[in-house]
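Okay, so here's the structure we're looking at.
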Amino acid sequence: AKSKGKNTYSVFSSDIYRHSARRMQLEIGLRHALQRGELRLHYQPQKFLADGRLFGAEALCRWYSHELGDVSPSEFIPLAEEIGLIDDLGDWVVREALRSCRQWREAGVEDVVVSINVSPRQLRSDSLLTTISGALKEFRLPASALCVEVTETLLMDSYDKAQSLLNSLRELGVSLAIDDFGVGYSSLSYLKRFPFDSLKIDRSFVGDMENNEDDHTLIRTIVQLGHNLGLKVVAEGVENQAQQDLLTAIGCDAIQGYWLSKPIDGDSFLDLVVEQTVV
Ligand code: C2E
Ligand code: CA
Ligand code: CA
Ligand code: CA
-12 AKSKGKNTYS VFSSDIYRHS ARRMQLEIGL RHALQRGELR LHYQPQKFLA DGRLFGAEAL
48 CRWYSHELGD VSPSEFIPLA EEIGLIDDLG DWVVREALRS CRQWREAGVE DVVVSINVSP
108 RQLRSDSLLT TISGALKEFR LPASALCVEV TETLLMDSYD KAQSLLNSLR ELGVSLAIDD
168 FGVGYSSLSY LKRFPFDSLK IDRSFVGDME NNEDDHTLIR TIVQLGHNLG LKVVAEGVEN
228 QAQQDLLTAI GCDAIQGYWL SKPIDGDSFL DLVVEQTVV
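Per our numbering, residue -12 is the first one in the sequence shown, and the count goes up by one each step.
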């Protein structure tokens, strides 16, 4: 038992070592990722259920590090926040997403909307607002071409600052979505206080809705709630026909998920939209 304990200890400590070595590599790598052009945006299509039209896409950040390979945004976004890189990264995301949107519109896809994710820290400074209004001008896009997704959790801290920033974005004409609705520190008062246009139901409710009556009921209730507040409701993480059919029956407005497409590069998204317009 003693040697087993010792063994466990050494595994544990080398684990910590690996983690900290990886973390250091990540930190150094991320600092150079922007300059080296290792970041990319992929786009996940969003579809209206009523007419089947692809109306937009969510931009999701990808990092291929030469040293570490693909790193998930769930790992590098929190790190970017922690080490003070999120404003630079976020500014890059805004410009890259709007550049793509400009290309789609130039290719004839008139009213396509691109959504970006915004981190807690980004709502504490004014750089987001400046970057967004500057990039909209630079790429000659109406503010309605952009949707900003925020999570409920981030609204907890810096409440007043977040509120005034979101109000400014809304006044500019950018639309706002509440992301991952139903998980985290969800508070219904956010829906009243912040000027949201749409609500995204977290994929954890959608994943098993065709088998789980409670999830089904919750989604139906969230859709009603959203509609009563005048919000467009989008279901995330839709993976099969059964889920799409149920969401259509419930009256959910739009879907996103592997059932439509995984996140893909900007050119592939354009192909997909053009294809559906021609058919
Ligand atoms: P999110 O905003 O909730 O994005 C949706 C996540 O669900 C994406 O993961 C997407 O690839 C995944 N997903 C989409 N459809 C399905 C499906 O049908 N089934 C399942 N199981 N998963 C699906 P991803 O790309 O790994 O991003 C993770 C999170 O990282 C995002 O969650 C978002 O919070 C954050 N993130 C990604 N890009 C950015 C960014 O540019 N800025 C910021 N601040 N956060 C970002
Ligand atoms: Ca999102
Ligand atoms: Ca989400
Ligand atoms: Ca999420």
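Cβ coordinates follow ideal geometry from the N, Cα and C atoms, glycine included.
Practice task
Return yes when the Cβ of residue 114 is within less than 8 Å of the Cβ of residue 46, no when it is not.
Solution key: No. Outside cutoff.
Handout entry: In DSSP terms, what residue 310 is bridged to
Key = Residue 310 falls outside the range modelled here, since the chain spans only -12 to 266, and no answer is possible.
Handout entry: Residues that residue 164 bridges to, as DSSP identifies them
Key = Note: residue 164 sits in a beta bridge opposite 136 and 185.
Problem - Member of 44, 23 and 66 whose CA lies at the smallest distance from the CA of residue 7 - result: It is 66.
Handout entry: Three or more C-beta pairs below 8 Å linking the region 120 to 140 and the region 193 to 210
Key = By the Cβ criterion, the region 120 to 140 is not in contact with the region 193 to 210, since fewer than three pairs of Cβ atoms, one from each stretch, lie closer than 8 Å.
Problem - Helix, strand or coil at residue 111 according to DSSP, with G and I counted as helix - result: Residue 111 falls in the coil class under three-state DSSP.
Handout entry: Residues bridged to residue 51 (per DSSP)
Key = Per DSSP, the beta-bridge partners of residue 51 are 57.
Problem - Burial state of residue 106 (16 or more Cβ within 10 Å) - result: So residue 106 counts as buried.
Handout entry: residue 77 - DSSP class collapsed to helix/strand/coil
Key = Per DSSP, reduced to three states, the secondary structure at residue 77 is helical.
Handout entry: Opposing strand residues paired with residue 27 [DSSP bridges]
Key = According to DSSP, residue 27 bridges with 49.
Handout entry: the region 50 to 69 in contact with the region 8 to 24 per 3-pair CB rule at 8 Å
Key = Short answer: they touch.
Handout entry: Helix, strand or coil at residue 213 according to DSSP, with G and I counted as helix
Key = In the three-state DSSP reduction, residue 213 falls in the helix class (H, G or I).
Practice task
Could you check what DSSP says for residue 104 in three-state terms: helix, strand or coil?
Solution key: DSSP places residue 104 in the strand class (E or B) of the three-state scheme.
Exercise for the section: Using the Cα positions of residue 233 and residue 201, report the straight-line distance between them to the nearest angstrom. Expected result: Their backbone Cα atoms lie some 14 Å apart in a straight line.
Exercise for the section: Pull up the DSSP beta-bridge partners for residue 41, would you. Expected result: DSSP, once it has assigned bridges, lists 34 as partnering residue 41.
Problem - Proximity of residue 21 and residue 33 at Cβ, strictly below 8 Å - result: Judged by beta-carbon spacing, residue 33 lies beyond the 8 Å limit of residue 21, meaning their Cβ atoms are not closer than that value.
Handout entry: Where residue 273 sits in the DSSP three-state scheme
Key = Because the chain in this structure spans residues -12 to 266, residue 273 falls outside the shown range and cannot be described.
Handout entry: Backbone secondary structure at residue -7 - three-state DSSP
Key = The predicted model places residue -7 with a pLDDT of 48, which falls under 50 and marks its position as unreliable; any figure quoted below should be read in that light. Note: residue -7 maps to helix in three-state DSSP.
Exercise for the section: Give the single residue among 229, 95, 238 and 225 whose Cα lies nearest to the Cα of residue 249. Expected result: Ranking the options by Cα distance to residue 249, first place goes to 225.
Problem - Contact check, residue 186 vs residue 220, beta carbons under 8 Å - result: Taking the C-beta atoms as reference points, residue 220 is found nearer than 8 Å to residue 186.
Exercise for the section: Let me know if residue 28 comes out buried or exposed under the rule of 16 or more other beta-carbons within 10 Å of its beta-carbon. Expected result: When all chains shown are included, residue 28 counts as buried.
Handout entry: Of the listed residues 255, 242, 252 and 257, nearest to residue 36 (C-alpha basis)
Key = Relative to the Cα of residue 36, the nearest Cα in the group 255, 242, 252 and 257 belongs to 242.
Practice task
Go ahead and label residue 189 buried or exposed: buried means 16 or more other beta carbons lie within 10 angstroms of its beta carbon, across all protein chains shown.
Solution key: It is buried - the Cβ of residue 189 has at least 16 other Cβ atoms within 10 Å.
Problem - Bridge-paired residues (DSSP) for residue 219 - result: DSSP output for residue 219 lists 185 as bridge partner(s).
Practice task
Label residue 203 either buried or exposed according to how many other C-beta atoms from any shown protein chain fall within 10 Å of its C-beta, with 16 as the threshold for buried.
Solution key: Residue environment analysis places residue 203 among the buried positions, since at least 16 neighbouring C-beta atoms fall within 10 angstroms of its C-beta.
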